[in-house]
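If you read the sequences in order, they're chains A and B.
If you use my numbering, the first sequence corresponds to residues 1182 to 1425, in order.
If you use my numbering, the second sequence corresponds to residues 1182 to 1425, in order.
The beta carbon of each residue, even a glycine, is placed where N, CA and C say it ideally should be.
What follows is a short report on a single structure.
2 protein chains.
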Amino acid sequence: VAEAGHGPRRVLIVNAHPEPRSFNAALRDVAVEVLEARGHVVWVSDLYAMGFKAVLDSADFPGEADDAPLNVSMAQRKALTQNTLAPDVADELRRLLAADLLLLLFPLWWFGLPAMLKGWIDRVFVSGAVYGRTAVFEQGRLCGKRALVAVSTGAPQQAFGPQALNGDMADILMPLHRGVLGFTGMTVLPPFVAHHVPYAGAQARGAMLDAWRAHLQHIDELKPLPMPRLADHPEALAAGARAQ
Amino acid sequence: VAEAGHGPRRVLIVNAHPEPRSFNAALRDVAVEVLEARGHVVWVSDLYAMGFKAVLDSADFPGEADDAPLNVSMAQRKALTQNTLAPDVADELRRLLAADLLLLLFPLWWFGLPAMLKGWIDRVFVSGAVYGRTAVFEQGRLCGKRALVAVSTGAPQQAFGPQALNGDMADILMPLHRGVLGFTGMTVLPPFVAHHVPYAGAQARGAMLDAWRAHLQHIDELKPLPMPRLADHPEALAAGARAQ
């Protein structure tokens, strides 16, 4: 059943865990179940299962002259204009641009994204398609879309916090929340964090999946994270903001 | 000429840029020149040139049973103990453990590491070798080594800062500085940042390379970044800190 006044929405779930039976895979399955039950169209990019190419390199831009140094942003903009993006990038970008909601599901590795998911961003967040010279934050090309991150960690909850050894999860996720999702104009919803996952028994895992289910069921009530506004930064408007 | 009282030191330079003629490659070449002139032994891991495998996956752990779910930390610790690490990981880890100084050189992509370099960390920063259950920060296995990050950006310097649109570079690099390098016990030196690189002419590039040369020449006078101490976090000592 689609929500009143909205019609079916489209959701892109991107998950990146090397183990198909992982807790992350369970997070994905719960998300598919909850969102399809709400009448949404749900696409899943299971990056490891797809064998997604994680490394952006010159092979992505066969249209570039061999003797010209590769400038990534310029090569992306040219490939976008000339319809010569790598096919896997074009497919992912098409779904990203068509989606109303983006879910990123991953284990926190070294206080960041697994390389597989970072590579999906490096390659699919194409300059000119998701942002432009002054098309960032509230002017970003992904305005109107929502994004939500669900992350699993191997440390107990008390290891995170403003005064804790590992620091605050908001600071750890800032480059993703602000530098990727907010930067392109997306409305960033509060993340879901599952702690101590490798050491959790069946009961604790079940409780975390229930909490994730509730997080998704109340998604329309979640208060977005604050983001900077380009309009408040005339100096950036003049110079042009750039992600790369 | 080696520095008095130290003998030749060993430096591992890891750089990750898809373009061999990039400014990042010039940063690497300057570093090799300056450090070799000081009598250091310098190893270079040019990840794109090596075609380094960036994605950690189950193929890294052939010793794991096919029917057992992959737990990354446990598989790493087992492979380390049984000498079954993937050969490319073992090679990189050997150099990391032998090095006194680690330099990471990369373009800032989406407020973070290119997937190629993140994958080097995901795979080479092996659990049990670089950190342990309570072997983190001042107890980390990489104590005594120094680390220094050099990063290039596509935005002008004024786009970064505590009040600027892109936020402060210290916050952007925090997950790497604190969550990777400091976490494993390394002494983290202040980063070198080259701004607006794709739009800089030959003169501006030359000036930035001169600044980089000076940064390296004064490396022994750089004041390390502050890091948390495990000893100040008895709760973490009890629970065990974990990076994954």
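In the DSSP assignment, W1224 of chain A is bridged to A:L1193. Judged by DSSP secondary structure, R1276 of chain A falls outside any beta strand (DSSP E) and instead within the alpha helix (DSSP H) spanning 1268 to 1279. Within the same chain, Cβ atoms closer than 6 Å to the Cβ of S1239 of chain A are found at L1251, the five residues on either side in sequence being excluded.
Taking a C-beta cut-off of 9 Å against chain B, the contacting residues of the stretch 1289 to 1303 of chain A are L1289, W1290, W1291, F1292, G1293, L1294, P1295, A1296, M1297, L1298, K1299, G1300, W1301, I1302, D1303, listed in chain order. Straight-line measurement puts the Cα of W1393 of chain B at about 16 Å from the Cα of L1282 of chain B.
Contacts with chain B at 7 Å (Cβ-Cβ) do not include H1358 of chain A. Beta-bridge annotation (DSSP): Y1312 of chain A is paired with A:S1308. Distance from the CA of A1271 of chain B to the CA of V1305 of chain B, rounded to the nearest whole angstrom, comes to 8 Å. Here G1366 of chain A really is in contact with C1324 of chain A; their C-beta atoms are around 4 Å apart, less than 8 Å. Neighbours of N1252 of chain A in chain B, taken as residues whose beta carbon is under 7 Å from its own, are P1379 in chain order. Taken in chain order, the members of the stretch 1229 to 1256 of chain A whose beta-carbon sits within less than 8 Å of a beta-carbon on chain B are Y1229, A1235, V1236, L1237, D1238, S1239, P1250, L1251, N1252, V1253, S1254, M1255. For P1288 of chain B, the enclosing beta strand (DSSP E) starts and ends at 1282 to 1288. Among the CB atoms of chain A, one or more fall inside 7 Å of the CB of I1353 of chain B.
When A:Q1344, A:H1221, A:P1268, A:H1376 are compared, the shortest CA-CA separation from A1280 of chain A is found for A:H1221. Per DSSP, the unbroken beta strand (DSSP E) holding S1333 of chain A starts and ends at 1327 to 1333. For V1374 of chain A, the enclosing beta strand (DSSP E) starts and ends at 1373 to 1375. One Cα belongs to G1293 of chain A, the other to H1358 of chain B, and the distance between them is close to 12 Å.
When DSSP states are grouped into helix, strand and coil, T1368 of chain A belongs to the strand group. Using beta-carbon distances, H1414 of chain B counts as an interface residue toward chain A, with a partner under 7 Å.
Boundaries of the alpha helix (DSSP H) around T1262 of chain B: 1253 to 1262. Chain A places a beta carbon closer than 7 Å to that of A1340 of chain B, counting this residue as a contact.
In the structure shown, G1293 of chain B adopts extended strand secondary structure according to DSSP, grouped into three states. For F1306 of chain B, the chain A residues whose Cβ falls inside 7 Å of its Cβ are W1291, in order along the chain. In its chain, beyond the 5 residues on either side, S1254, Q1257, R1258 have a beta carbon closer than 6 Å to the beta carbon of S1308 of chain A. Cβ atoms of A1235 of chain A and A1296 of chain B come within 8 Å of each other, at about 5 Å.
The shortest CA-to-CA distance from L1261 of chain B to any of B:R1219, B:T1334, B:Y1312, B:W1291 is the one to B:Y1312. Between the alpha carbons of I1302 of chain A and E1214 of chain B lies a gap of roughly 34 Å. Nearest Cα to V1211 of chain A within the set A:P1405, A:H1414, A:A1395, A:Q1320: A:A1395.
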